[in-house]
Amino acid sequence: MTTLPQSHNPIPNPSMDNQIHRNGAVEPNHRAAKKPKLAHSISDSEIREEFSHHQRGVARINNGSFGSCPRSVLAAQSAWQLRFLQQPDDFFFNVLRGGILESRAIVADLINADHIDRVSLVDNATTAAAIVLQQIGRRFVHGHFRREDSVIMFHCAYQAVKKSIEAYVTPIGGTVVEVQLPFPVRSDEEIVSEFKKGIEKGKLNGGRVRLAIIDHVTSMPSVVLPVRELIKVCREQGVEQVFVDGAHAIGSLPVDVKEIGADFYVSNLYKWFFSPPSVAFLYCKENSNDVHHPIVSQEYGKGLPVCLLYTSHKE
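Whatever position you read off the sequence shown (first residue = 1), add 1 for our numbering.
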């Protein structure tokens with residue numbers, strides 16, 4: 002028999018309305034702000050049981066693409082799916098917002114975000130890249146940027162991110178600067194030096210580098226980039242915004258968004274953090290009212306975290 006999650010309403014009661022911010026943020030004494038605690042350490046046998054649903058005889062080494070969600074997480078996901086199907090109206094109006102709020106609060110604490118309003122949940126890193134690059138594209142369209150202005154990235158940036166640039170930036174006049182990542186990598190200094198040369202190239206003819214896209218961990222080849230040092234160079238060279246694609250970072254590397262200092266940071270939670278596919282977080286350092294999901298929902302104009310709350314009947 003499937004055990005359903007406790008049927009309670011996580012939405013704050015009316016007396017707590019003043020604790021809810023515009024984008025769904027909460028005050029420290031709200032239940033969503035409570036830091037979760039681990040029940041116990043996990044044993045070897047429990048780990049084997051958690052992944053007993055994997056096909057026997059197959060070594061799963063492509064975790065970076067599809068993740069490997071533990072059995073207990075899949076069971077909890079299934080229970081919540083059933084809860085939704087039992088009474089969709091109750092779930093949508095009385096449960097969903099509170100649940101998303103709690104999830105955002107947990108992520109905000111995990112990555113050391115200074116406010117829950119800075120954290121949104123998205124499908125994956127590709128969706129987050131589209132959100133950021135659409136914003137850049139709109140600024141070209143509205144005349145805030147010039148044709149000489151550019152977006153810079155390493156040549157090994159994720160292909161879907163490159164396609165987002167191709168879709169949203171280059172057709173309307175934006176220039177793209179691709180920096181060759183030296184390989185084999187000999188030192189962080191070499192990486193930073195090559196990127197600095199790329200920024201200087203982007204500033205030729207009076208142009209400005211409007212966005213730098215930096216992988217935290219590149220997918221092919223797999224290299225941990227010195228993101229803090231690269232962002233420091235971006236600031237020194239007048240790069241307007243920095244987007245860190247940390248798709249593979251959370252769960253495999255410490256992620257402290259304050260220390261990293263990017264304007265946008267995304268990481269997939271279903272890869273090395275063992276959430277069910279597909280979910281990621283997008284951190285926006287500043288107010289996110291000028292960035293929007295490619296799908297316009299009824300929550301448009303209420304801030305990115307709220308816009309991303311519910312875009313369809315998918316998981």
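For every residue, glycine included, the Cβ atom is placed at its ideal position computed from N, Cα and C.
Does P71 pass the burial test, meaning 16 or more other C-beta atoms within 10 Å, or should it be called exposed?
Per the 10 Å Cβ criterion, buried.
Mind checking which residues open and close the beta strand (DSSP E) that includes T128?
First-last for T128: 126-142, but that is the alpha helix (DSSP H), not the beta strand (DSSP E).
Under the rule that 16 or more other beta-carbon atoms within 10 Å means buried, what is K233, buried or exposed?
The residue is exposed, with fewer than 16 neighbouring Cβ atoms inside 10 Å.
Note down the Cα distance separating L111 from V256, rounded to an integer number of angstroms.
Their backbone Cα atoms lie some 8 Å apart in a straight line.
Taking buried to mean at least 16 other C-beta atoms within 10 Å of its own C-beta, is N269 buried or exposed?
With 16 or more other Cβ atoms within 10 Å, it is buried.
Assuming Y159 and D246 are in contact, meaning their beta carbons sit under 8 Å apart, how far apart are those beta carbons, in whole angstroms?
The Cβ separation is near 6 Å, so the contact holds.
G144 to L86, Cα distance in whole Å?
The straight-line gap from Cα to Cα measures roughly 47 Å.
Are the CB atoms of R209 and G262 nearer to each other than 9 Å?
Their beta carbons are not under 9 Å apart, which means R209 does not touch G262 by this criterion.
Using DSSP with H/G/I as helix, E/B as strand and the rest coil, what is T171?
T171: helix per DSSP, three-state reduction.
Under 8 Å: do the stretch 179-197 and the stretch 133-148 share three or more Cβ pairs, one atom per stretch?
No: the two stretches stay apart, fewer than three of their Cβ pairs being nearer than 8 Å.
Look up F274 in the DSSP assignment and say whether it is helix, strand or coil.
DSSP places F274 in coil when its eight states are reduced to three.
Could you check whether the stretch 265-281 touches the stretch 235-254, counting it as contact only if at least three pairs of C-beta atoms, one from each stretch, sit closer than 8 Å?
Yes, they touch.
If contacts are defined as beta-carbon pairs under 8 Å, then V178 and I153 qualify, I think. What distance do you get, rounded to the angstrom?
Yes, V178 and I153 are in contact; Cβ-Cβ is about 4 Å, under 8 Å.
Could you pull out every unbroken beta strand (DSSP E) segment of at least 3 residues lying fully inside the stretch 46-127, listed in chain order?
DSSP runs (the beta strand (DSSP E)) wholly in the stretch 46-127: 120-123.
Look up C235 in the DSSP assignment and say whether it is helix, strand or coil.
Of the three classes helix, strand and coil, the one that applies to C235 here is helix, per DSSP.
For V186, which residues of its own chain have a beta-carbon under 6 Å away from its beta-carbon, when the five flanking residues on both sides are left out?
So the qualifying residues of the chain are V224.
Secondary structure at E179, three-state DSSP: helix, strand or coil?
In this structure, E179 counts as strand in the three-state DSSP scheme.
With DSSP as the reference, label D216 as helix, strand or coil.
The answer is strand: DSSP assigns D216 an E or B state.
If we count the other Cβ atoms within 10 Å of its Cβ and call it buried at 16 or more, is V142 buried or exposed?
So V142 ends up on the exposed side.
Measure the C-alpha to C-alpha separation of A60 and L182 and round it to an integer number of angstroms.
About 30 Å.
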